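Counting in the numbering used here, the sequence shown runs from 258 upward without gaps.
Glycine included, each C-beta is placed from N, C-alpha and C at the ideal position.
Predicted model only: the values in this text are computed from it and were never measured.
First comes the structure, then the notes that go with it.
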Amino acid sequence: MSDDNLDLVVIGGGTGGYVAAIRAAQLGMKVAIVEREKLGGTCLHKGCIPSKALLRSAEVLATAKVAETFGVLHSPPEFDLHRAMARKQQVVTQLYKGVQYLMKKHRITVYEGIGRIMGPSIFSPQAGAVSVEFPNGDTKILSGRFTLVATGSRPKTLPGLSIDGESVICSDDALEMTFLPKSVILVGAGAIGVEWASLYCDLGVDVTLVEFLPRILPLEDSDVSSEVARTLKKRGIRIVTGAKLLPETLNKGEGVVTISAEVGDTTLQLEAEKIFVAVGREPVTDNMGLEATEIEVHKGAIVVDEHFRTKESNIFAIGDVIGGLQLAHVAAHEGIEAVETMSGLANKPMDYTLIPRCTYSQPQVASVGLTEAEAMAAGHMVKTGKFQFRANGKALVLGEPDGFVKIVADERTDDILGVHMVGPHVTDLISEAGLALVLNATPWEVAHAVHPHPTLSETMGEAALVVDGMGIHG
Ligand code: FAD
Numbered sequence: 258m259s260d261d262n263l264d265l266v267v268i269g270g271g272t273g274g275y276v277a278a279i280r281a282a283q284l285g286m287k288v289a290i291v292e293r294e295k296l297g298g299t300c301l302h303k304g305c306i307p308s309k310a311l312l313r314s315a316e317v318l319a320t321a322k323v324a325e326t327f328g329v330l331h332s333p334p335e336f337d338l339h340r341a342m343a344r345k346q347q348v349v350t351q352l353y354k355g356v357q358y359l360m361k362k363h364r365i366t367v368y369e370g371i372g373r374i375m376g377p378s379i380f381s382p383q384a385g386a387v388s389v390e391f392p393n394g395d396t397k398i399l400s401g402r403f404t405l406v407a408t409g410s411r412p413k414t415l416p417g418l419s420i421d422g423e424s425v426i427c428s429d430d431a432l433e434m435t436f437l438p439k440s441v442i443l444v445g446a447g448a449i450g451v452e453w454a455s456l457y458c459d460l461g462v463d464v465t466l467v468e469f470l471p472r473i474l475p476l477e478d479s480d481v482s483s484e485v486a487r488t489l490k491k492r493g494i495r496i497v498t499g500a501k502l503l504p505e506t507l508n509k510g511e512g513v514v515t516i517s518a519e520v521g522d523t524t525l526q527l528e529a530e531k532i533f534v535a536v537g538r539e540p541v542t543d544n545m546g547l548e549a550t551e552i553e554v555h556k557g558a559i560v561v562d563e564h565f566r567t568k569e570s571n572i573f574a575i576g577d578v579i580g581g582l583q584l585a586h587v588a589a590h591e592g593i594e595a596v597e598t599m600s601g602l603a604n605k606p607m608d609y610t611l612i613p614r615c616t617y618s619q620p621q622v623a624s625v626g627l628t629e630a631e632a633m634a635a636g637h638m639v640k641t642g643k644f645q646f647r648a649n650g651k652a653l654v655l656g657e658p659d660g661f662v663k664i665v666a667d668e669r670t671d672d673i674l675g676v677h678m679v680g681p682h683v684t685d686l687i688s689e690a691g692l693a694l695v696l697n698a699t700p701w702e703v704a705h706a707v708h709p710h711p712t713l714s715e716t717m718g719e720a721a722l723v724v725d726g727m728g729i730h731g
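Now the structure itself:
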């Protein structure tokens, strides 16, 4: 059976795919989504949402442990993993229902099966018809004017270090844990590694964070990496940077796993109950029928032009499957831009320097735009302003004085080039910085947008004043 009256077939119902489908429906397109697991994809079921729900539980426990400092007396708090996991699932389920409702509201047909792109055929002279294989073995062919590939990504590992879900795990496994390990070696200190290091630490797990590069959160401004490393160490997390893990030395015993790492001239022996691999994610392009098309794949990711068109003019690709910044809000925006291009709406290419990047550890990290080093490497004459949260009233009220806001600006043009934050709720505060960059604001303009008192947002206004030597409280 075939359905060939469609305008758009989306393969993959993750954040990129379902948001694109909604925008396409708003633009009057007849849309179908093919999803092999669950609408919402990685972000909703294995990523952003469940990890933040668990981080929230960890944060509540950490706050309860210091409740006495707020004058709240109680017996020592205890952590119940099963209740925390149940709450996490409740949040996910509520949002999952919301996505299902949105599909109905926008009359988007959802096919629960595996989608594969077909080459040119009787159903379509161009490559791009999609065959759907349902769990019961039935198949159906969907043919639309356009096809959007949004098949996302999956955890990757180091060569020779296979993830067995028991002693060597990834984020998918950790999100389904039924007991807390006593100790964990976290391999990879990017956003996911640092979030889990923070979460486990709050739950009383002994954490070693191992990073190949010379500093943790290596894509962030170096001041940010240093501040986060300082605070994580203060909490008892062991950090080993410049470390090359040697998978061939992996040894799995009863409840213990050992592995060696080369750090400079020395070889370090590491031991824990589990090794958690957080070295990034690889695009999902296999078993998709791409070989029947002209679509190009480079280093595992689908190659697209600046409007997300593949080498087949009617097939677009967005989100984690095209590599680059693998973030949910990036996938969603790419999806919107792709379907707007299909509809003939003129779109400027996306400017990835305006994308905020967040790490939801304790303290949180958020940034947008160029780091100080990147700005200098790009030839800017740089001026900076930094304001510490310990000089901010609201941060002290919250009992969270660690961190700062740092603004990087151009000395000649006065444009803000980048904003880098470590501290309480900075993943929410970063949006003001994002808007400042979109509007090409100067530090003076940011400082003269009055920030209410006492709020954490005052740190942004103060850092902007410091850029031009006019800081009031710092
Ligand atoms: P996905 O969400 O991966 O969706 C792809 C969908 O395609 C999946 O549902 C899959 O089942 C389906 N699919 C694949 N192949 C087929 C096929 N052949 N047929 C049918 N369906 C198919 N990002 C943030 O912005 N903020 C965060 O805080 C954040 N935290 C994260 C935490 C963790 C632990 C992880 C793992 C990721 C996190 N991310 C975060 C990244 C974010 O989850 C991804 O960037 C985002 O989900 C990408 O969306 P996508 O639509 O491209 O792909």
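Exposure label - residue i; buried when at least 16 CB within 10 Å
i, result
"L311", "buried"
"I729", "exposed"
"D522", "exposed"
"H339", "exposed"
"P334", "exposed"
"V323", "exposed"
"K362", "exposed"
"M545", "buried"
"T567", "buried"
"Q621", "buried"
"Y368", "buried"
"T716", "buried"
"H637", "buried"
"A589", "buried"
"M752", "Nothing about residue 752 can be read from this structure; the chain reaches only from 258 to 731."
"S400", "buried"
"F327", "exposed"
"S714", "buried"
"L330", "exposed"
Three-state class that DSSP yields for residue i in the structure shown
i, result
"R340", "helix"
"Q583", "coil"
"L418", "coil"
"V276", "helix"
"H363", "coil"
"E511", "coil"
"F661", "strand"
"Q619", "coil"
"D480", "helix"
"E294", "coil"
"V349", "helix"
"D463", "strand"
"F565", "coil"
"K490", "helix"
"S410", "strand"
"I379", "coil"
"M434", "coil"
"M258", "Reliability fails at M258, whose pLDDT of 48 lies under 50, so the model's placement of it is uncertain and the value that follows must be treated cautiously. Here M258 sits in coil by DSSP."
Beta-carbon proximity check, residue i vs residue j, cutoff 8 Å
i, j, result
"K413", "V536", "yes"
"A407", "I532", "no"
"E215", "R411", "This structure cannot settle anything about residue 215, because the visible part of the chain is limited to 258 through 731."
"F661", "V723", "no"
"R402", "N571", "yes"
"L296", "M360", "yes"
"E591", "G385", "no"
"L502", "A518", "yes"
"L432", "S308", "yes"
"E528", "V513", "yes"
"K303", "D429", "yes"
"G298", "G409", "yes"
"P504", "L602", "no"
"V425", "V560", "no"
"A595", "A278", "no"
"E484", "V679", "yes"
"A558", "G580", "yes"
"G675", "T712", "no"
"G270", "C300", "no"
"G445", "L474", "no"
"Q619", "D459", "yes"
"I398", "A289", "no"
Heavy atom of the ligand SAH within 7 Å of residue i beta-carbon
i, result
"L584", "This structure simply doesn't include the ligand SAH; it includes the ligand FAD instead."
* Three or more C-beta pairs closer than 8 Å, one from the segment 622-642 and one from the segment 666-686: is that the case here? -> Yes, the segment 622-642 touches the segment 666-686.
* Validate contact between the segment 445-456 and the segment 480-494 using beta carbons, cut 8 Å, 3 pairs -> Output reads yes: the segment 480-494 touches the segment 445-456.
* **the segment 467-485 in contact with the segment 383-399 per 3-pair CB rule at 8 Å** => no
* **Three CB pairs or more closer than 8 Å across the segment 653-660 and the segment 694-701** => By the C-beta criterion, the segment 653-660 is judged not to be in contact with the segment 694-701, since fewer than 3 inter-stretch pairs fall below 8 Å.
* Stretch-stretch touch, CB-based, cutoff 8 Å, three pairs: the segment 313-331 with the segment 278-294 -> Counting Cβ pairs under 8 Å, fewer than three are found: no touch.
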